[in-house]
Amino acid sequence: MPSSVMLTSNRGGDHASPAAVSAVGLRKSYGDRTVLDGIDLHIPAGSVFALLGPNGAGKTTAVKILSTLITADGGQARVAGHDLAADPQAVRAAIGVTGQFSAVDGLITGEENMLLMADLHHLPRREGRRVAAELLERFDLTDAAKKPAATYSGGMKRRLDIAMTLVGGPRIIFLDEPTTGLDPRSRHSMWQIIRELVTGGVTVFLTTQYLEEADQLADRIAVLDGGRIAAEGSAEELKRLVPGGHVRLRFTDPAAHRSAAAALREAALPHARPRPGGRTPADEALALRIPSDGSQRELRSILDWLDAAGIEADELTVHTPDLDDVFFALTGGTDPQPGRPGRPEEDVR
Ligand SMILES: Nc1ncnc2c1ncn2[C@@H]1O[C@H](COP(=O)(O)OP(=O)(O)OP(=O)(O)O)[C@@H](O)[C@H]1O
Ligand SMILES: [Mg+2]
9 MPSSVMLTSN RGGDHASPAA VSAVGLRKSY GDRTVLDGID LHIPAGSVFA
59 LLGPNGAGKT TAVKILSTLI TADGGQARVA GHDLAADPQA VRAAIGVTGQ
109 FSAVDGLITG EENMLLMADL HHLPRREGRR VAAELLERFD LTDAAKKPAA
159 TYSGGMKRRL DIAMTLVGGP RIIFLDEPTT GLDPRSRHSM WQIIRELVTG
209 GVTVFLTTQY LEEADQLADR IAVLDGGRIA AEGSAEELKR LVPGGHVRLR
259 FTDPAAHRSA AAALREAALP HARPRPGGRT PADEALALRI PSDGSQRELR
309 SILDWLDAAG IEADELTVHT PDLDDVFFAL TGGTDPQPGR PGRPEEDVR
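Count along the sequence shown starting at 1, add 8, and that's the number in our numbering.
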């Protein structure tokens, strides 16, 4: 059983394309706690990379190392073509970082926060004003620009945070949990902002707790667990690791549920054959699960079989594996087992 699964994809994952970020064997410990235990990364320029992992997995630590805020104990990394250890100054000049916790100063206005960043980047005053106004406009903050940032909503603060990161025109940006705490609408508008950045050629390294976010945005996703990358690939590739796809049948009548379960156990459906010694479904929700890849062909055969067997479920839903399945299968202390779902449900197989 592999301790890590590396999948290859041409979508943003071609090792021949220039790397915005590459790392080999990155290690970091705090005391006797090993946080990163040998991390390899290859992030092509112009792509979106998402680092996923449970709380405390080391996502922020990885971002801090790659953005020169802290140093690694071991390993090498190049960011924007510059060696992290040999030339941190050049790395800093090429990147922008939006930390997990806001860098916005609440006591001054949004505009003043932006101008402060322009000063930090040594932009001439007129140029600084132009860039600040342009970014405030782009992030829909012009109306609030003269108000103290402390009065902004969470979503506005996060937008200001990212606008501040962009003042220096970075080619690579690190976004540590850019949408944590945002409502669905603000999250979607943040996703749009990130997509626009990528269209403009920026490489985005993001960490997230939201699997849907990685699914929506990332060309490649790495799942960090136990200090190592447990799996890496596109969302589709990762989902293929966990064949949790199934058709779920729900019944309101316990008798109908019982007879359907019995019929299913005897069925010759190639994808729903009962396991030898299969248990009797003990399902309080009166649901049954038939493994399925969700393809039209399989669905038709399942429906035909249900008709022929006279089974009438009250509700039928198709569940395709999502990143939640991958996340639960790969993280949480147990060894990943590709090909085995992390959260077995009902037992009709
Ligand atoms: N300065 C530090 N001193 C000691 N331990 C630290 C320090 N910074 C981080 N850690 C520890 O390293 C581990 C990884 O922390 P990190 O912040 O990188 O996790 P994370 O994946 O970003 O988690 P979260 O999802 O909660 O943001 C944690 O156990 C944390 O307590
Ligand atoms: Mg973090």
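Yeah, the Cβ is synthetic: ideal placement off N, Cα and C, and Gly gets one too.
query                                                                                                                             : result
Distance cut-off 6 Å: residue 69 Cβ against heavy atoms of ligand 1                                                               : yes
Nearest neighbour of residue 244, chosen from 144, 329 and 60 [CA to CA]                                                          : 329
Which of helix, strand or coil DSSP assigns to residue 184                                                                        : strand
Residue 301 to residue 317 span [Cα, whole Å]                                                                                     : 21 Å
Residue 233, DSSP secondary structure in three states                                                                             : strand
Heavy atom of ligand 2 within 6 Å of residue 217 beta-carbon                                                                      : no
Cα-Cα separation between residue 126 and residue 137, rounded to whole angstroms                                                  : 8 Å
Beta-carbon proximity check, residue 87 vs residue 99, cutoff 7 Å                                                                 : yes
Beta-carbon contacts of residue 113 that lie in its chain and below 7 Å, excluding the five residues immediately before and after : 121 and 157
heavy atom of ligand 1 below 6 Å from residue 65 C-beta                                                                           : yes
Ranges of the alpha helix (DSSP H) found wholly within the region 95 to 138, counting only runs of at least 4                     : 96 to 102 and 118 to 128
Any chain C beta carbon closer than 7 Å to residue 108                                                                            : You won't find chain C in this structure, because it holds only one protein chain.
Stretch pair the region 222 to 239 + the region 252 to 264: three plus CB contacts closer than 8 Å                                : no
Contained alpha helix (DSSP H) runs [length at least 4] in the region 65 to 98, N- to C-terminal order                            : 67 to 74
Alpha-carbon to alpha-carbon, residue 47 and residue 90                                                                           : 18 Å
Closer than 6 Å: residue 108 CB and nearest ligand 2 heavy atom                                                                   : yes
Delimiting residues of the beta strand (DSSP E) encompassing residue 37                                                           : 27 to 38
Residue of 250, 272 and 151 minimising C-alpha distance to residue 333                                                            : 250
Residue 38 Cβ short of 6 Å to ligand 1 heavy atom set                                                                             : yes
Exposure of residue 154, with buried meaning 16 or more beta-carbon neighbours within 10 Å                                        : exposed
Where the alpha helix (DSSP H) containing residue 336 begins and where it ends                                                    : 331 to 338
For residue 181 and residue 203, the rounded distance between their alpha carbons                                                 : 12 Å
Local Cβ density within 10 Å of residue 192, reported as buried at 16 or more and exposed below that                              : exposed
Exposure of residue 323, with buried meaning 16 or more beta-carbon neighbours within 10 Å                                        : exposed
Residue 150 - DSSP class collapsed to helix/strand/coil                                                                           : coil
beta-carbon residue 231 near ligand 1 non-hydrogen atom, thresh 6 Å                                                               : no
According to DSSP, residues forming a beta bridge with residue 241                                                                : 229
Simplified DSSP assignment, three categories, for residue 46                                                                      : strand
Buried/exposed call for residue 311, threshold 16 Cβ in 10 Å                                                                      : exposed
Rounded straight-line distance, which links the Cα of residue 134 to that of residue 175                                          : 13 Å
Residue 335 classed as buried or exposed, judged by whether at least 16 other C-beta atoms fall within 10 angstroms               : buried
Cα-Cα separation, residue 94 to residue 231                                                                                       : 28 Å
Supposed close pair residue 190, residue 208 - CB separation, criterion 8 Å                                                       : Between residue 208 and residue 190 the Cβ distance is about 22 Å, and since that is not below 8 Å, they are no contact.
Of the listed residues 219, 254, 101 and 79, nearest to residue 177 (C-alpha basis)                                               : 101
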